[in-house]
Structures are given as C-alpha cells and as structure tokens.
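Inspection log for the structure reproduced underneath, given as structure tokens.
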Amino acid sequence: MSTNRDASGDGDGPRGGGLTTGEVARRLGVAPTTVRSWDRRYGLGPDIHTGGRHRRWTAADVARLERMCALTATGLPPAEAARLARDETGTDVSPPQADTARTAWPTARRGSGLGLGDVRLECRGVARAALRLDAAALDQLLKAAIEEHGLVAAWTEVIMPTLQAVGRKWENSGERYVEVEHFLSWHVSSALRRHAPPVAADRPGAGTVLACTPAENHTLPLEVLAAALAERGLQVRMFGGALPDESLVAAVRRTGPAAVGLWAQSRTTASRPLAQHVSMIEWGVRGARRKPVVLTLGPGWAGQTVPGLPHPAGLAQAVTAVESAVRG
1 MSTNRDASGD GDGPRGGGLT TGEVARRLGV APTTVRSWDR RYGLGPDIHT GGRHRRWTAA
61 DVARLERMCA LTATGLPPAE AARLARDETG TDVSPPQADT ARTAWPTARR GSGLGLGDVR
121 LECRGVARAA LRLDAAALDQ LLKAAIEEHG LVAAWTEVIM PTLQAVGRKW ENSGERYVEV
181 EHFLSWHVSS ALRRHAPPVA ADRPGAGTVL ACTPAENHTL PLEVLAAALA ERGLQVRMFG
241 GALPDESLVA AVRRTGPAAV GLWAQSRTTA SRPLAQHVSM IEWGVRGARR KPVVLTLGPG
301 WAGQTVPGLP HPAGLAQAVT AVESAVRG
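Under full-length UniProt numbering, the letters of the sequence shown match residues 1 to 328, in that order.
Right under this line is the structure:
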C-alpha cells in the first residue's frame with residue numbers, strides 16, 4: 001500500500017529517487033527507528049538527502065544495511081557488524097558516534113542467513129525479524145503482507161517460502177534455530193486468526209470440517225485454509241492436530257459437512273482407510289442422504305492418494321475445491 005509519506009512518520013518524502021526509511025525498514029524487517037539509529041550511531045545512512053530529515057536509500061545503501069542485519073543475526077555486536085558492513089561494501093564512511101569497541105568474532109560466522117533464494121523482498125524482512133525473535137516487527141510485516149497481497153498470495157509467496165527456509169536452516173545446523181521456527185509459526189498463526197473474519201453462520205450441509213489425521217500435528221496449513229475459507233464467507237469447523245479417527249467420524253456424523261479436509265504432512269501419517277471411510281459417511285433425511293467430499297491435503301498423500309477423492313496441489317486449489325463442494 002503506497003502513501004505520500006513514509007509509514008514511519010519521520011518526515012521522509014514521496015517515492016522516487018530511492019527508498020524511504022519506512023520502505024527500507026519493511027524490507028529489512030526492522031523498525032524505522034532502528035534504521036535511523038544505525039545511521040546516527042554507525043554511519044550507515046544514505047548517500048542521498050533531499051533536504052531536512054528526508055532520506056533516500058539507494059541499492060548500495062540498502063546492501064550495507066542488509067549486511068548489517070545478516071551480521072547482527074549471528075550475534076555479532078552492532079558496532080563490529082557496522083564496521084564489517086561498511087568494509088565489505090566498499091564504503092568509506094566515518095561513523096559520527098561509532099562505538100570504538102572491537103571484538104574477535106571469527107568471520108566464519110558470516111553468511112548464516114536463511115538462503116531464501118529468488119523470493120519476494122518481503123520474505124527477507126520476515127526472515128530477519130524471525131531470526132532476531134523480534135515479535136513487534138514480525139507481526140507488522142505479516143499483517144502488511146496479508147493486506148497487500150491477499151491471504152492466498154501472502155501464504156504462497158511470502159510466508160511458506162520463509163517457513164521452508166527456516167526449516168532447512170535448523171535441519172542443516174545441528175538442531176539450532178528450532179526456536180526460530182516455533183516463534184515464526186506461532187506469529188503466523190496469530191496473524192491468521194487476527195485477519196480471519198468471524199465464523200459464518202451454520203447452514204446444514206454447507207459447512208467444512210478441517211482436521212489433521214491421527215498422529216499428525218502440523219496444523220498451520222489447515223489454519224491458512226480455514227482463514228481463506230472464512231474470508232469467502234464459508235462456514236468452517238477446525239479441529240486441529242491429531243484428531244482420533246473415531247472423533248473425526250463422530251464430528252462428521254454430527255455436523256453433516258459438505259466437505260472434509262484431511263491434512264497429512266508425512267506419508268507415515270496419511271491414512272487411506274480413514275479417508276475412504278469418511279467419504280462413505282451419509283447424513284441428512286431419509287430419501288435425500290448426502291456424503292461429504294473428502295479432500296486429501298498435504299504432501300503426506302503423495303503417491304498414496306485415494307481414487308475418487310480430490311488431492312489439491314496447493315492452497316488456492318484447495319479453496320476452489322471446497323467452494324465447489326459447498327456451493328455446487
């Protein structure tokens with residue numbers, strides 16, 4: 001969302017000729033006050049000033065700040081990180097109030113970012129906020145991504161790539177960064193709940209039941225689907241992780257849903273017999289009995305999908321399949 005003034009309210013002018021401080025802060029996943037502090041204390045400010053407090057950040061300016069973020073995320077003290085960021089980007093800037101302390105952190109600690117690759121710029125900001133365990137910045141960035149791109153695109157192009165990168169990071173670093181993954185997942189879940197509208201009124205035969213298969217506890221993808229369906233005015237009952245099979249059957253019999261989504265993250269938790277059994281449950285008055293459309297959701301069903309049951313490839317396809325079952 002664009003405005004005529006920087007969202008940070010620090011007096012930056014309109015867009016053009018470089019990024020404003022607020023835009024840079026959102027890209028980096030830090031508060032605008034942090035960017036200004038790095039400018040004031042460590043000489044990492046922009047090369048272009050438009051008068052007064054107006055600032056314009058060029059690509060080279062942002063590159064210095066990105067390096068600063070990467071270095072501080074490893075635990076390097078800010079003063080040392082600023083010195084390295086200036087040296088590595090070939091910038092000869094004498095910080096006006098720089099810390100003179102020097103540490104002996106090994107340069108081998110550099111480059112411990114998440115290796116996001118070719119992704120939206122918002123991913124890098126979200127990743128940096130998660131690595132710093134910065135709750136306020138992370139909430140702000142997630143909210144902005146959902147509002148700007150819409151829930152489905154924000155999940156597919158911003159949130160999911162970042163979660164996957166965090167997962168790869170701890171898998172390849174001897175179980176480090178587990179706290180980052182938990183932290184990010186919790187804040188994503190919170191953002192989804194804040195964004196989703198109130199649950200739609202219950203209409204017999206028009207609801208959707210969402211649950212993980214027994215022994216499956218990865219609920220976040222189902223939470224995204226629940227929020228996306230609620231966005232479209234569809235009634236959803238969310239049962240979360242590791243729902244016992246007899247409880248799932250009881251819930252379907254009691255509520256008579258038009259669709260049932262079963263999530264399995266791994267092949268060991270996917271259950272073809274359970275999916276087949278749920279798809280045969282009938283409900284409704286005699287003479288007009290109906291059965292739910294059962295969607296097998298998640299990578300755990302790959303290679304063992306159930307004939308006749310839809311297996312959407314992603315969030316957008318799952319939303320379409322549920323809408324078709326409910327409205328069809």
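Ideal placement from N, C-alpha and C gives every residue a C-beta, glycine not left out. Please read all numbers here as calculations on a predicted model, not as lab measurements.
Where residue i falls: helix, strand or coil (DSSP)
i, result
"residue 280", "coil"
"residue 151", "helix"
"residue 72", "helix"
"residue 312", "coil"
"residue 41", "helix"
"residue 193", "helix"
"residue 25", "helix"
"residue 133", "coil"
"residue 306", "coil"
"residue 19", "strand"
"residue 30", "coil"
"residue 269", "coil"
"residue 86", "helix"
"residue 160", "helix"
"residue 203", "coil"
"residue 286", "coil"
"residue 176", "coil"
8 Å Cβ cutoff met for residue i and residue j
i, j, result
"residue 183", "residue 133", "yes"
"residue 306", "residue 296", "yes"
"residue 166", "residue 188", "no"
"residue 208", "residue 241", "no"
"residue 232", "residue 323", "yes"
"residue 360", "residue 146", "Nothing about residue 360 can be read from this structure; the chain reaches only from 1 to 328."
"residue 56", "residue 18", "yes"
"residue 267", "residue 255", "no"
Proximity to residue i [Cα-Cα], best of the options
i, options, result
"residue 300", "25, 19, 218 and 24", "218"
"residue 298", "283, 269, 282 and 307", "269"
"residue 253", "68, 280 and 87", "280"
"residue 216", "225, 263, 59 and 188", "263"
"residue 258", "235, 274, 266 and 245", "235"
"residue 220", "176, 27 and 164", "164"
"residue 275", "36, 310, 56 and 43", "310"
"residue 72", "34, 56, 59 and 57", "34"
"residue 69", "318, 128, 157 and 267", "128"
"residue 41", "59, 58, 80 and 66", "80"
"residue 157", "43, 122 and 137", "122"
Boundaries (first-last residue) of the beta strand (DSSP E) holding residue i
i, result
"residue 261", "259-263"
"residue 237", "236-238"
"residue 213", "No beta strand (DSSP E) holds residue 213; DSSP gives it neither H nor E."
"residue 296", "293-297"
Residue range of the unbroken alpha helix (DSSP H) whose run includes residue i
i, result
"residue 321", "315-327"
"residue 229", "220-231"
"residue 254", "245-255"
For residue j and residue i, the rounded distance between their alpha carbons
i, j, result
"residue 250", "residue 159", "34 Å"
"residue 186", "residue 286", "45 Å"
"residue 283", "residue 199", "23 Å"
"residue 78", "residue 230", "44 Å"
"residue 143", "residue 151", "10 Å"
"residue 86", "residue 64", "6 Å"
"residue 273", "residue 161", "32 Å"
"residue 20", "residue 45", "12 Å"
"residue 31", "residue 25", "6 Å"
"residue 312", "residue 225", "12 Å"
"residue 239", "residue 213", "10 Å"
"residue 125", "residue 228", "23 Å"
"residue 201", "residue 130", "36 Å"
"residue 197", "residue 327", "19 Å"
"residue 243", "residue 265", "14 Å"
"residue 28", "residue 247", "45 Å"
"residue 325", "residue 210", "14 Å"
"residue 303", "residue 271", "12 Å"
"residue 316", "residue 294", "17 Å"
"residue 83", "residue 194", "40 Å"
"residue 61", "residue 172", "31 Å"
"residue 223", "residue 192", "7 Å"
"residue 291", "residue 203", "16 Å"
"residue 177", "residue 169", "7 Å"
"residue 318", "residue 190", "21 Å"
"residue 59", "residue 137", "22 Å"
"residue 278", "residue 206", "17 Å"
"residue 67", "residue 139", "23 Å"
"residue 36", "residue 314", "40 Å"
CB contact check: residue i to chain D, cutoff 8 Å
i, result
"residue 123", "The displayed structure is made up of one protein chain only, and chain D is not part of it."
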